[in-house]
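Residue numbers for the sequence shown follow this note's numbering, beginning at 163 and rising by one. Okay, structure first, notes after.
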Amino acid sequence: MSERGSFYLGNDDPSPVEILHAKAHSEFLLMCEHGGRKVPKCLGDLGVDRSEMDRHIAYDVGAEAVARRVASALCAPLFIQPYSRLVVDCNRPPEAADLIPEVSDGTKIPGNLGLTREEQSLRFEQIHRPFHEAVSAGLDRVTARGQQPVLLTIHSFTPIMRRTGEVREIEFCISCNRDDRLAKAMLFEVRAAYPAVNVGFNDPYPVTDMEDYAIPVHGERRGIPHVLVEVRSDLISDEAGQTKWAHIVSSTIRAAVERVKPRDAMS
Ligand SMILES: [Zn+2]
Numbered sequence: 163m164s165e166r167g168s169f170y171l172g173n174d175d176p177s178p179v180e181i182l183h184a185k186a187h188s189e190f191l192l193m194c195e196h197g198g199r200k201v202p203k204c205l206g207d208l209g210v211d212r213s214e215m216d217r218h219i220a221y222d223v224g225a226e227a228v229a230r231r232v233a234s235a236l237c238a239p240l241f242i243q244p245y246s247r248l249v250v251d252c253n254r255p256p257e258a259a260d261l262i263p264e265v266s267d268g269t270k271i272p273g274n275l276g277l278t279r280e281e282q283s284l285r286f287e288q289i290h291r292p293f294h295e296a297v298s299a300g301l302d303r304v305t306a307r308g309q310q311p312v313l314l315t316i317h318s319f320t321p322i323m324r325r326t327g328e329v330r331e332i333e334f335c336i337s338c339n340r341d342d343r344l345a346k347a348m349l350f351e352v353r354a355a356y357p358a359v360n361v362g363f364n365d366p367y368p369v370t371d372m373e374d375y376a377i378p379v380h381g382e383r384r385g386i387p388h389v390l391v392e393v394r395s396d397l398i399s400d401e402a403g404q405t406k407w408a409h410i411v412s413s414t415i416r417a418a419v420e421r422v423k424p425r426d427a428m429s
């Protein structure tokens, strides 16, 4: 375990942001904030069992593999967070109570218990902030080329919550908050092209200010088209599922962007 207060990323720890297709000239910018489950060396194993690190509490199972495929299909840059959301949740605002969760879906995280404000802020400054600064710079680059950026963030959700026993029938969730332009258009496209898919709109998770960061900060504040999507993780546990869902996401968002463009006179 670490010495208290000595959180730092070492030379052999990965960078707090991995960018795929960084030089791609696309209007799309993709994010996967819960893609990784790495833990910086200074935190040891957070006191958490290896098997727990394979669960959705540590990362969005399957989401990174889907996001990589969507990024390839759209020829778009993808910003992946390699560190586990148990280290610091990159889709939470700094003031969220579960920015660095002490308990997640019934599992205690010993390495996160009783952190001081300073300890929390070290993790935020070294992982959360540089990740989102990289995303901001990426969006600025799209704007500088004279294009309106389109933000897509890709997540997964667990079919069963262990703590509550809740079972989810929904397969795919499209989420937004204040600006539903792109989300509604994508919902329309999914229903039209994939009528068999059980799709939820802001169900099981709506976008909120306290439980999200990417959409409120990068999407809403900039006033650019944006959407958060989540695939149920048991559907993307193998390559066939990841390929299938990447195709569903990439084809429907492409069509959805075309649908919102003329009405809002984007370009
Ligand atoms: Zn997520």
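The beta-carbon is built from N, C-alpha and C at its ideal position, and this holds for glycine as well. Quantities reported herein were computed from a predicted structural model and do not represent experimental measurements.
Cβ-based neighbour list, residue i, same chain, cut-off 7 Å, excluding 5 preceding and 5 following
i: residue 164; result: Note that residue 164 scores a pLDDT of 45, beneath 50, so its modelled location is shaky; the value from the coordinates is reported in the next line. Counting only Cβ-Cβ distances below 7 Å, and skipping sequence neighbours, we find 204, 205, 206.
i: residue 232; result: 192, 316, 408, 411, 412
i: residue 238; result: 183, 186, 188, 190, 191, 192
i: residue 329; result: 321, 322
i: residue 300; result: 191, 239, 241
i: residue 285; result: 169, 249, 250, 262
Own chain, CB closer than 6 Å to residue i, minus 5 neighbours either side, in chain order
i: residue 245; result: 198, 200, 289
i: residue 252; result: 195, 243, 290, 293
i: residue 240; result: 182, 192, 229, 233
i: residue 421; result: 347
i: residue 403; result: 397
Residue i - partner residues in DSSP beta bridges
i: residue 270; result: 265
i: residue 393; result: 318, 334
i: residue 388; result: 313
i: residue 200; result: 245
i: residue 361; result: 334
i: residue 182; result: 240
Residue i, enclosing beta strand (DSSP E) - first and last residue
i: residue 320; result: No beta strand (DSSP E) contains residue 320, which DSSP labels as neither H nor E.
i: residue 192; result: 190-194
Cβ-based burial, residue i [other Cβ within 10 Å; buried from 16]
i: residue 216; result: exposed
i: residue 141; result: The chain is shown from 163 up to 429; residue 141 falls before or after that span and cannot be answered.
i: residue 177; result: exposed
i: residue 295; result: exposed
i: residue 222; result: buried
8 Å CB neighbourhood of residue i in its chain, flanking five on each side removed
i: residue 356; result: 410, 414
For residue i, the first and last residue of its enclosing alpha helix (DSSP H)
i: residue 236; result: 225-236
| Residues near ligand 1, CB to any non-hydrogen atom under 5 Å, in chain order? | Matched residues: 196, 222, 317.
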